[in-house]
Every structure is written in structure tokens, then in C-alpha cells.
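Listed in order, the protein sequences are those of chains A and B. Numbering of the first sequence is given in my numbering, commencing with residue 32 and proceeding in unit increments. Numbering of the second sequence is given in my numbering, commencing with residue 32 and proceeding in unit increments. Note that CB positions come from ideal geometry on N, CA and C, so glycine has one too. Input: a single structure, listed below in C-alpha cells.
Protein chains: 2
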Amino acid sequence: MTRSNALYAQSGGVTAVINASAAGVIEAWRRAAAKDAKLGKLYAGRNGIVGVLAEDLIDTTRETDAVIAALRHVPGGAFGSCRFKLGDPAKPEGKGAAQFDRLLAVFQAHAIRYFFYNGGGDSADTCLKVSQLALARGYPLQAIHVPKTIDNDLPLTDTCPGFGSVAKYVAVSTREASLDVASMASTSTRVFVLEVMGRHAGWIAAAAGLADTPTHPLPLLILLPEVPFDETRFLDAVRAKVDAFGYCTVVASEGAQTADGKFLSDQGLRDAFGHAQLGGVAPLLAGLVKDQLKLKVHWAVSDYLQRSARHVASATDLAQAVAVGKAAVALAMKGRNRVMATIERTANKPYAWRIGAAELDKVANVERTMPAEFIGADGYSITPAARRYLLPLIQGEAKAPWQDGLPLHPTLKRAPVAKKLPAYVP
Amino acid sequence: MTRSNALYAQSGGVTAVINASAAGVIEAWRRAAAKDAKLGKLYAGRNGIVGVLAEDLIDTTRETDAVIAALRHVPGGAFGSCRFKLGDPAKPEGKGAAQFDRLLAVFQAHAIRYFFYNGGGDSADTCLKVSQLALARGYPLQAIHVPKTIDNDLPLTDTCPGFGSVAKYVAVSTREASLDVASMASTSTRVFVLEVMGRHAGWIAAAAGLADTPTHPLPLLILLPEVPFDETRFLDAVRAKVDAFGYCTVVASEGAQTADGKFLSDQGLRDAFGHAQLGGVAPLLAGLVKDQLKLKVHWAVSDYLQRSARHVASATDLAQAVAVGKAAVALAMKGRNRVMATIERTANKPYAWRIGAAELDKVANVERTMPAEFIGADGYSITPAARRYLLPLIQGEAKAPWQDGLPLHPTLKRAPVAKKLPAYVP
């Protein structure tokens with residue numbers, strides 16, 4: 032009897048907790064396989080789908096239970112992820128058809144009957160297409176999507192694992208830096224600008240609003256991609272906050288843009304020699320404040336720090352990341368196919384959630400943007416409704432072991448699976 | 032009988048643990064005053080010495096013991112700090128003499144006989160001058176300096192409270208972000224640049240080297256102000272790391288400079304309209320890597336996040352911050368004057384330290400730079416000696432309470448002390 036194997040792959044931008052989902056999938060698979068002789072090995076794609084195309088698979092059975100459990104504490108993608116968009120398999124003239132053929136060939140060569148794909152919107156679409164192609168070819172495959180994205184833009188799930196932790200990072204950093212600025216504003220920096228991720232939606236910047244509480248009110252301005260940037264209005268708002276509080280904290284989405292859709296970060300910066308420079312929203316806003324308001328300003332760009340900050344991850348987010356991983360295997364064992372494990376919110380106060388499932392054809396290519404009722408009337412704040420939605424997601428401090436002053440990270444073997452196919456020529 | 036009061040003031044850039052020193056001073060004073068009827072109240076300058084000049088004092092006795100203990104968990108300066116350089120009192124034509132006269136007048140009006148000044152090098156000098164002036168005028172004052180600076184540049188102390196926590200932040204962030212970059216480098220970002228503080232010395236950037244360990248080797252390049260920046264050498268080094276590891280992490284001091292002493296951050300950036308832009312070392316280096324090596328690059332600037340990140344503070348640093356605060360009061364009670372409480376390292380492995388004291392005239396105006404033997408031969412790394420020095424300073428994770436997903440911060444009354452003098456006219 033040929034046992035049915037499984038494949039897990041990570042896709043797109045990594046998060047502080049994507050490896051917790053990997054742990055969930057692997058642990059659930061191990062438990063299922065221990066009880067069912069028809070289930071074989073769980074492989075992982077090295078560097079995601081790129082590794083699957085290259086038949087470069089990792090044998091996860093070579094990792095100990097302790098190492099797999101410790102994946103909960105490691106940011107980044109433990110098996111490697113990638114930014115790689117497969118072509119459209121429906122276009123015979125493109126390379127997509129050949130890519131999907133190759134994926135199925137690899138699945139077939141390694142008796143892979145279960146595909147757990149851990150990613151965002153594009154990956155949901157890929158997962159669906161792989162499954163549809165298998166169906167069309169009569170190849171028995173169950174494809175389950177494991178949601179992951181700091182962008183929080185997947186539909187049909189209350190939140191996306193990865194988002195809660197970046198939201199906590201942003202809220203905590205906003206509070207901490209604001210305390211710093213407030214304490215010195217009388218003679219030093221008046222305005223602090225923090226740039227955070229979010230090219231198309233303001234979910235991450237919105238989380239800064241959680242730092243502004245009744246006991247610790249903050250003079251905070253949040254710049255969202257959803258609200259067109261107007262220089263005069265912005266500078267007036269900064270001035271008003273400084274007048275009222277002595278200082279102002281600005282948290283800006285990297286996707287902040289003017290009404291004509293031009294990103295603030297795309298300003299054609301040149302150095303003294305005329306060389307192009309990489310721009311950023313934070314230095315641009317800081318320059319505006321300094322030039323126009325003549326106020327001392329500081330700026331920060333968190334970039335990858337925010338999405339890799341496992342040391343300040345949300346315990347809620349971590350639990351949900353593990354849960355969608357385990358749920359993906361459970362869904363597969365129940366015979367489900369073409370579904371994504373989801374988080375369903377059942378209560379706000381106290382927050383309660385459970386695992387659900389959504390059909391992948393309703394997930395793929397649908398982007399959830401921030402609802403208008405989450406954005407304050409001034410365009411620079413969040414509403415109580417947004418707070419009710421966001422606050423549960425940052426609850427709890429995800430534990431992790433430390434050693435010698437640093438987070439303790441396991442060393443994985445990442446042992447390769449023997450190849451069975453000719454080399455892949457893209 | 033007039034009781035002897037005390038004054039505590041925070042000075043210069045704040046840190047993640049300066050309030051822990053405040054807690055140490057206040058708690059030790061409360062214990063001493065409870066046993067000695069001659070000791071009165073401990074005041075704090077609102078916004079540091081600026082508040083003392085304005086006779087704007089805070090009555091710390093109005094804060095509960097619980098609130099004072101909780102100062103250990105709050106970044107920023109709880110009583111306010113300032114960037115304000117007093118004039119030279121020895122120059123009768125300057126404003127310095129009038130400022131120091133005013134300070135003594137405030138001390139006298141409020142029966143302040145003990146001055147605890149919590150700051151860096153400039154503050155040590157101020158503390159010394161206040162004490163000397165009091166001596167010359169026959170005013171009984173004991174002036175004790177409580178060391179604090181993330182720059183780690185005070186002499187005669189093994190380290191400066193505040194530095195260990197920023198070092199831990201930088202080491203942890205470097206490790207976490209590197210795991211992120213490593214996991215996606217095959218198809219995405221190859222080079223990540225993190226800019227950290229340190230205008231004149233590379234202590235903070237050097238701490239990134241702690242993230243590179245035998246079990247988790249990192250392709251790390253550290254740019255120190257002490258090593259002149261050479262574009263070709265730098266780009267060659269980045270290329271070599273990318274060739275060997277697939278990616279490269281660069282941690283750059285804001286003070287990185289070329290051989291002629293020109294800061295990299297001072298490049299005269301202009302936007303498309305010719306407006307001056309605030310520069311940064313990280314975007315500059317990122318632009319170089321992108322243009323010259325054609326590699327995908329990301330960059331981050333931690334700015335105030337690094338020095339306010341109490342959530343990832345070093346337990347060692349926190350303990351030392353409290354200890355120098357308590358020691359300052361103990362030194363005062365022993366009749367000492369014109370001294371700074373210091374940290375003395377007594378052993379490296381296991382790390383052990385004790386409190387000492389240094390004469391302020393040997394501290395003021397002496398800057399401790401990073402020794403040459405701490406810088407690796409390639410100019411981009413730290414030596415084993417640097418590691419032996421730095422590693423103990425980031426040990427332990429300083430506990431702090433959380434509430435509702437955020438750090439729990441106390442609310443201070445900051446009650447003003449009734450003024451007794453005419454308004455100050457600078």
C-alpha cells in the first residue's frame with residue numbers, strides 16, 4: 032500500500048507567527064498519521080512553492096517533536112517562503128500551465144494527497160487552482176489553505192494570523208515612543224513620525240489607535256491609505272495636537288497617498304549628486320513638519336522589525352495561528368477540499384472565537400479593506416467600533432524561551448527529500 | 032527645625048530604565064527619611080533642570096509607594112527631562128552665572144540640601160558645577176550624579192544604565208529581522224539595513240554583533256562611526272555576504288561617516304521639487320545597494336523605538352538602574368559629595384557587579400569611546416573581547432505588568448510644589 036503523504040508550504044511575506052501555523056499543521060499531521068496507517072509523511076516546500084517546482088522538499092519527519100513545538104517561538108519562515116506568482120494555468124500560451132503541470136507531477140511522484148498552503152490572498156488563489164487542476168485530471172488531492180498575512184485583508188475570517196502580533200507591536204511601540212517624546216517635548220522633539228506597513232489598507236496603522244486610552248490619552252494622528260493625504264489639513268492637525276499636548280505622534284501607513292492615488296513615499300528623492308534615493312513616508316512627513324511648522328521632529332521606519340517581532344507577539348494571535356494549522360489537518364481528515372480554515376468571532380467582551388471554514392472560491396481574489404465605520408470623522412483616528420474589533424487581537428503576551436539574553440531558537444535539520452523527477456527547467 | 036529636602040532631576044535623552052533610577056532614588060530617600068527626622072521631602076524638577084530654574088518642582092511625596100515602584104516599568108522620563116545646556120558660571124558676561132545663581136536660590140528657598148542629577152556627561156558637569164558653586168557660597172549641598180545614557184560613554188563606570196536595554200533591543204531586532212530576510216531571500220529582499228543610534232560612538236551598533244552566535248550565524252555587517260566608511264569596500268562586503276549566505280543584514284550607526292568626517296546621513300537630499308529632505312543612513316545605504324549591486328533591499332530606522340522599548344528591556348540593566356538610584360541616596364547619607372554612583376564589574380563569567388563611586392571631577396567632560404580592540408579586523412564586526420563585555424549587559428528579561436494587551440503604566444499626580452520665589456526671567 033502506498034501511503035498518502037502531505038505537503039506544507041509557506042508563501043509570501045512572513046510573520047511573527049507563521050511558524051506557529053507550521054507547528055499546528057505538523058503536530059496535527061503527526062497525531063493523525065499515528066492513528067491511521069494510510070497516512071504517510073508530511074513534507075515542506077523549501078522556500079515555498081519555488082521549492083515544490085524544483086522538487087526541493089524538506090522531510091519534516093526528521094525534526095523532533097521538541098523542535099516542531101519550538102517553531103511557535105521563531106519569526107520568519109522556518110522552511111523558507113517566497114514571493115513568486117505562478118502563471119495562469121488557463122492560458123495555454125503562458126508558463127502557468129507548465130508550472131501547474133509540474134506541481135502535479137511533483138505531487139504524484141511523492142504520493143502527495145494533501146496540500147496545506149500557508150499564505151495570503153494570492154496563495155488562496157493558487158491553492159484553489161492546484162485543487163481544480165487535480166480535480167480536472169482525476170488526481171486525488173485535498174487542498175487546504177492556512178491563512179496568514181499581516182495585511183489582515185483576507186475575507187471570511189475575523190482576522191488573519193500574523194496581524195494581531197504586528198498590531199500589538201505597533202500599539203506598544205506607539206505608546207512607548209510617545210512617552211519618550213512627551214517627556215522631552217518642552218525643549219526637544221515635538222513631533223514623532225512612525226512609518227508602518229500597509230500598502231493598500233490601513234489595518235496596521237489603525238492599531239496604533241489602541242495606544243490611545245482613557246488613562247493614557249495620546250496626541251495621535253494616524254495616516255491611512257483610505258484617507259487622501261492633504262498637506263494643509265495634516266499640518267493644521269499636527270499644529271493643533273502640539274498646541275494642546277505639547278507634542279504629537281504620527282503613525283503613517285507606507286501606503287499613505289494623495290487624492291490622485293500618488294504614494295507619498297514615491298517622491299523622486301535625489302541626493303546632492305542627483306542619484307535617486309529610496310524614499311519613505313516617515314522622512315517625507317518629518318521634512319514637511321520641520322520645514323513648514325519649524326518644529327523639531329524625529330522619525331522611525333519599522334519595516335521588517337514589525338512583522339518579525341516575535342518577542343512582543345500577541346498570545347491571541349499565536350493561539351489562532353496554531354489553531355488554523357491544526358484545523359487545516361482536521362478539515363483534510365474530514366474529507367474537505369478547497370477550503371480555508373478561518374477564525375470566527377463569537378463574542379467581543381470577553382472575546383471568544385472558534386475555528387470555521389470558508390470555501391476557497393469565495394476567498395480567492397477578494398480583498399477585505401478597512402470598513403469606513405472604523406475611521407474617525409477627522410480621518411486621523413479610529414472609531415470605538417474599530418477599537419472593539421482590534422483590541423481583542425492584541426491580548427496576551429505570547430511566551431517564548433530566552434537564552435543568554437536572546438530569544439532561544441531551535442536549529443532545524445531541513446533534510447532534503449530524495450528527488451524522483453528530472454530537474455525542473457522553468 | 033528646618034528639615035533638609037532633596038531634589039531629583041532627569042536630564043538629556045531618556046531611556047527605557049531612567050525611571051527605574053528615579054524609583055531607586057525615591058524609595059531609598061523614603062526609607063532614609065523614615066529613620067531620620069532631619070530629612071524632609073524629595074522633590075523632582077519638572078522637565079529636569081528647566082523646571083528647577085522655573086521653580087517648577089514636583090512633590091514626589093504625593094505619589095504612592097505603588098506608583099513609585101511601578102516607575103520601573105515606564106519608559107520615557109516620568110518627571111520630564113530636557114535638552115538644555117546651562118551657561119558657564121565662570122563667565123560673568125554670559126547667562127551661566129545668573130542660571131547657577133537661580134538654581135542656588137531655588138535650592139535655598141526649598142531647603143534643598145541634596146541634589147540627585149540623573150543624566151549623562153553634560154549633566155555630570157552641571158552637577159559638579161552646582162556643587163562647586165554651593166561650596167564657594169558656603170551653601171550646604173551634597174550633589175550626587177546618577178548615571179544614565181544609552182550612549183554608554185561615561186567614564187569610570189563599567190556601563191551606563193540605559194545602554195544594556197537598547198543593546199538588547201538591537202540584538203533581538205537584528206536576530207528577528209535576519210530570520211525574516213533569510214527565509215525569503217531566494218526570491219525577495221537580499222539586503223536589510225537597520226539604522227540605530229550612536230552619533231559619536233558605535234556601542235549601540237556593536238550590540239547587533241551579539242545576535243551572531245555559533246548556533247545562529249548571521250551575515251552581519253556593522254557600520255561604526257569609529258571606522259571610516261568606504262563605499263567600494265562596503266559594497267564588496269555586502270556582495271560577499273550575499274554570495275555566501277544568500278542575504279546580508281547591515282546595522283549602521285547614525286554616526287557612520289567617511290574618512291573626512293562627513294556623516295553619511297548628511298547628504299543634502301532633495302525631493303522632486305528641490306525641497307530639502309531629512310536624510311538617514313539607512314535609506315542612503317539601501318539606495319547604494321540597490322543602485323550599485325542591483326539587489327532588492329529593505330531598510331528600517333529604529334530611532335526612539337530603541338530607547339523607549341521597555342517591553343524588551345534587559346533585566347541586568349534595570350537592576351543596575353535601580354541600584355545606582357539607591358546608591359546615590361546611600362552615598363549622600365554617608366556624607367559624600369561631588370560623586371557619581373558607578374557600576375563595577377567584578378567577574379565576567381558568571382557576570383558579577385557591585386556599586387562603586389567616582390569623583391565627579393574625573394567624570395565630567397570625559398567621553399569613553401569604544402576601544403579599538405573591540406572592533407574586528409574587517410571593521411564590520413566585533414571581537415570576542417567586545418562580546419565578553421557586551422553579553423552580560425543584555426542578560427535577563429525585565430518583567431513588567433500588562434493590561435488589555437498593552438504595558439500597564441501608572442498615572443502620576445505630578446503635584447506642583449508651591450512657589451516661593453519671584454518668577455524666573457531668563
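Contacts that Gly311/B makes with chain A (C-beta to C-beta distance below 7 Å):
The count along the second sequence starts at 1 and reaches residue 311/B at position 280. Simply Pro314.
Enumerated in chain order, which unbroken segments of the alpha helix (DSSP H) with a length of 4 residues or greater are wholly contained in the segment 300 to 358 of chain A?
Within the segment 300 to 358 of chain A, the complete alpha helix (DSSP H) segments of 4 residues or longer fall at 312 to 319, 335 to 339, listed in chain order.
Paired residues, beta bridge with Pro438/A - DSSP
By one-based count along the first sequence, residue 438/A stands at place 407. Answer is Trp433/A, bridged to Pro438/A.
Three-state secondary structure (DSSP) at Phe276/A?
Locating residue 276/A in the first sequence gives position 245, where the first residue counts as 1. Three-state DSSP puts Phe276/A in a helix.
Gln51/B and Ala352/B closer than 8 Å at C-beta:
Locating residue 51/B in the second sequence gives position 20, where the first residue counts as 1. Locating residue 352/B in the second sequence gives position 321, where the first residue counts as 1. According to the sequence provided, residue 51/B is Ala. The question's Gln does not apply to it. Result yes, Cβ atoms of Ala51/B and Ala352/B sit closer than 8 Å.
Give the secondary structure of His176/B by DSSP, where H, G and I count as helix, E and B as strand, and everything else as coil.
Locating residue 176/B in the second sequence gives position 145, counting from the first residue. Looking at His176/B - three-state DSSP - the assignment turns out to be strand.
Taking 8 Å as the CB-CB limit, is Gly193/A close to chain B?
For the purposes of this step, residue 193/A is identified with residue 162 of the first sequence, where counting begins at 1. No, Gly193/A lies away from the interface with chain B (no Cβ there is under 8 Å from its Cβ).
Please determine, among Thr373/B, Arg385/B, Ser35/B, Phe294/B, the residue with the shortest C-alpha to C-alpha distance to Asp261/B.
As a position in the second sequence, residue 261/B is number 230, starting the count at 1. Minimum Cα distance to Asp261/B is reached at Phe294/B.
Is there contact between the segment 99 to 118 of chain A and the segment 34 to 54 of chain A, where contact requires at least three CB pairs shorter than 8 Å?
Contact holds: three or more Cβ-Cβ distances are below 8 Å.
CB Ala331/B to CB Leu336/A, shorter than 8 Å?
Walking along the second sequence from the start, residue 331/B turns up at place 300. Walking along the first sequence from the start, residue 336/A turns up at place 305. Against a cut-off of 8 Å, the Cβ pair of Leu336/A and Ala331/B comes out as a contact.
May I ask you to list, following chain order, the residues of the segment 138 to 162 of chain B that have a beta carbon less than 9 Å from some beta carbon of chain A?
Flagged: no residues at all.
Beta-bridge partners of Ser35/B, as assigned by DSSP
Against the second sequence, residue 35/B aligns to sequence position 4. Ser35/B pairs with Leu70/B.
Are the CB atoms of Ala275/B and Ile413/B nearer to each other than 8 Å?
Taking the first residue of the second sequence as 1, we reach residue 275/B at position 244. Taking the first residue of the second sequence as 1, we reach residue 413/B at position 382. Their beta carbons are not under 8 Å apart, which means Ala275/B does not touch Ile413/B by this criterion.
Does the Cβ of Asp334/A have 16 or more other Cβ atoms within 10 Å, making it buried, or fewer, making it exposed?
Residue numbering aside, residue 334/A sits at position 303 when the first sequence is read from its first letter. When all chains shown are included, Asp334/A counts as buried.
How about the segment 86 to 93 of chain A and the segment 433 to 448 of chain A: do they share at least three Cβ pairs that are nearer than 8 Å?
The segment 86 to 93 of chain A, when compared against the segment 433 to 448 of chain A, does touch it at the 8 Å Cβ threshold.
Unbroken beta strand (DSSP E) run spanning Gly387/B, endpoints
Looking up residue 387/B in the second sequence gives position 356. Segment 382 to 390, the beta strand (DSSP E) holding Gly387/B.
I'd like to confirm the pairing. Which residues does DSSP put opposite Phe147/B in its beta bridges?
The residue labelled residue 147/B in the question sits at position 116 within the second sequence. Bridge partners of Phe147/B: Tyr39/B, Ile175/B.
Secondary structure at Asp90/A, three-state DSSP: helix, strand or coil?
Translated into the one-based positions of the first sequence, residue 90/A becomes position 59. Here Asp90/A carries a strand assignment [DSSP, helix/strand/coil].
Using a Cβ cut-off of 8 Å (strictly closer), state whether Gly436/B contacts chain A.
The sequence position of residue 436/B within the second sequence is 405, counting from 1. Yes - at least one Cβ of chain A is within 8 Å of the one on Gly436/B.
So Met215/B is in the alpha helix (DSSP H); what residue range does that whole segment cover?
As a first step, residue 215/B is located in the second sequence; it is residue number 184 there, counting from the start. In the DSSP assignment, Met215/B falls within the alpha helix (DSSP H) that extends over 194 to 215.
Taking Cβ-Cβ distances shorter than 8 Å, what residues in chain B pair up with Arg114/A?
For the purposes of this step, residue 114/A is taken as the residue at position 83 of the first sequence. Contact annotation for Arg114/A against chain B: Met215, Thr218, Ser219 [CB-CB distance below 8 Å, chain order].
Residues of the segment 45 to 72 of chain B with a CB closer than 7 Å to any CB of chain A: list them in chain order, please.
Within the segment 45 to 72 of chain B, the qualifying residues are Val45.
Leaving out the 5 sequence neighbours to the left and right, which residues in its chain are closer than 8 Å to Arg114/A when beta-carbon positions are compared?
Taking the first residue of the first sequence as 1, we reach residue 114/A at position 83. Annotation for Arg114/A: Gly43, Gly44 place their beta carbon closer than 8 Å to its own, counting only its chain and skipping 5 residues before and after.
List, in order along the chain, the chain A residues whose C-beta lies closer than 7 Å to that of Gln351/B?
Reading the second sequence from its first residue, position 320 is the one you call residue 351/B. Think of a sphere of 7 Å around the beta carbon of Gln351/B: no beta carbon from chain A falls inside it, the nearest being about 14 Å out.
Between which two residues does the alpha helix (DSSP H) containing Ala155/A stretch?
The residue given as residue 155/A occupies position 124 in the first sequence. DSSP places Ala155/A in the uninterrupted alpha helix (DSSP H) bounded by 152 to 168.
State the start and end residues of the unbroken alpha helix (DSSP H) segment that holds Ile80/B.
Numbered from 1 along the second sequence, position 49 holds the residue referred to as residue 80/B. Its alpha helix (DSSP H) spans residues 80 to 84.
Identity of the residue in Phe131/A, Ala242/A, Gly127/A nearest Pro250/A by Cα
The residue given as residue 250/A occupies position 219 in the first sequence. If we check each option's Cα against that of Pro250/A, Ala242/A comes out closest.
List the residues of chain A that His104/B touches, going by C-beta distances under 7 Å, in chain order.
Your numbering for residue 104/B matches position 73 in the second sequence. Against His104/B, chain A offers no close residue; the least beta-carbon distance is about 11 Å (beta-carbon pairs closer than 7 Å).
Kindly confirm or deny that the segment 418 to 428 of chain B and the segment 70 to 85 of chain B touch, where touching means at least three C-beta pairs closer than 8 Å.
Output reads no: the segment 70 to 85 of chain B does not touch the segment 418 to 428 of chain B.
If you draw a straight line from the alpha carbon of Gly150/A to that of Lys357/A, how long is it in whole angstroms?
Residue numbering aside, residue 150/A sits at position 119 when the first sequence is read from its first letter. Residue numbering aside, residue 357/A sits at position 326 when the first sequence is read from its first letter. Taken atom to atom, the span from the alpha-carbon of Gly150/A to that of Lys357/A is near 15 Å.
From the DSSP output, in three-state form, read off Glu262/B for me.
Here residue 262/B refers to the residue found at position 231 of the second sequence. Correct three-state label for Glu262/B: helix.
Please list the terminal residues of the continuous beta strand (DSSP E) segment that includes Arg376/B.
The count along the second sequence starts at 1 and reaches residue 376/B at position 345. For Arg376/B, the uninterrupted beta strand (DSSP E) segment begins and ends at 370 to 379.
With a threshold of 8 Å, are at least 3 pairs of Cβ atoms found where one atom belongs to the segment 224 to 234 of chain B and the other to the segment 277 to 297 of chain B?
With a cut-off of 8 Å, the segment 277 to 297 of chain B and the segment 224 to 234 of chain B count as touching, because enough Cβ pairs lie within range.
Identify whether Leu252/A lies in helix, strand or coil by the three-state DSSP scheme.
Looking up residue 252/A in the first sequence gives position 221. Leu252/A sits in a strand when the DSSP states are folded into three classes.
Since Val227/A contacts Val281/A with CB under 8 Å, what's their CB separation in whole angstroms?
Sequence index remark: in the first sequence, residue 227/A carries index 196 (1-based). Sequence index remark: in the first sequence, residue 281/A carries index 250 (1-based). Wrong, their Cβ atoms sit about 11 Å apart, outside the cutoff.
Could you tell me the alpha carbon to alpha carbon distance between Val258/A and His440/A, rounded to whole angstroms?
Position 227 of the first sequence, counted from the first residue, corresponds to residue 258/A. Position 409 of the first sequence, counted from the first residue, corresponds to residue 440/A. Each residue's CA atom was taken as its position, placing Val258/A and His440/A some 40 Å apart.
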